[in-house]
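Residue numbers (our numbering): 4 to 187.
Built from N, CA and C at the ideal position, the CB exists for glycine as well.
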């Protein structure tokens, strides 16, 4: 580095400096240059009288411009927050679902299903017990936690479209109906 490159605002480091320093003032003093700067880590003011040989040992640190789109930054931060939300809120899927579950549904999903080491099972219960809500809550939680990539729901033929509609309306989950003639 030479004296012409040394300007206020530049961040430099070198063997004669205890930490990277942001240059505040550059003043020539005879054959040397007096550099005053603030340490990047401590904020402490450093003053050095540098010769041409010492200037050659200085290295300018690259500064990344923070000129990205603020909306994209906000969306990225929000995505990261949502990706970790389940770690801080064990009932996170309730806040993004459009349901008011009953206590037995919450107990089944959060006290039994999610505590299993590997979740691969058939959910069946009495008629009217809220299987769709339990399945939707479980599916949302597993998706948020990154534990499920594919889902197969087998429902009686007369309830297929009801399941499809309720999962879409209450949990914003889109499923395709596959009938026997398609699978053959």
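query	result
Same chain, Cβ closer than 7 angstroms to residue 35, five either side skipped, listed in chain order	52, 53 and 54
Reduced DSSP category for residue 25 - H, G, I as helix; E, B as strand; rest coil	strand
Beta-carbon proximity of residue 108 to residue 79, cut-off 8 angstroms	no
Nearest to residue 121 (by Cα), restricted to the options 149, 104, 136 and 97	149
Residues that residue 49 bridges to, as DSSP identifies them	40
Residue 123 - DSSP class collapsed to helix/strand/coil	coil
6 angstroms Cβ shell around residue 44 - same chain, five flanking residues per side excluded	22
Exposure of residue 112, with buried meaning 16 or more beta-carbon neighbours within 10 Å	buried
Close-in-space but distant-in-sequence residues of the same chain around residue 177 (CB under 7 angstroms, 5 per side omitted)	171
Bridge partner(s) assigned by DSSP for residue 35	32
Residue 92 to residue 158 span [Cα, whole Å]	31 angstroms
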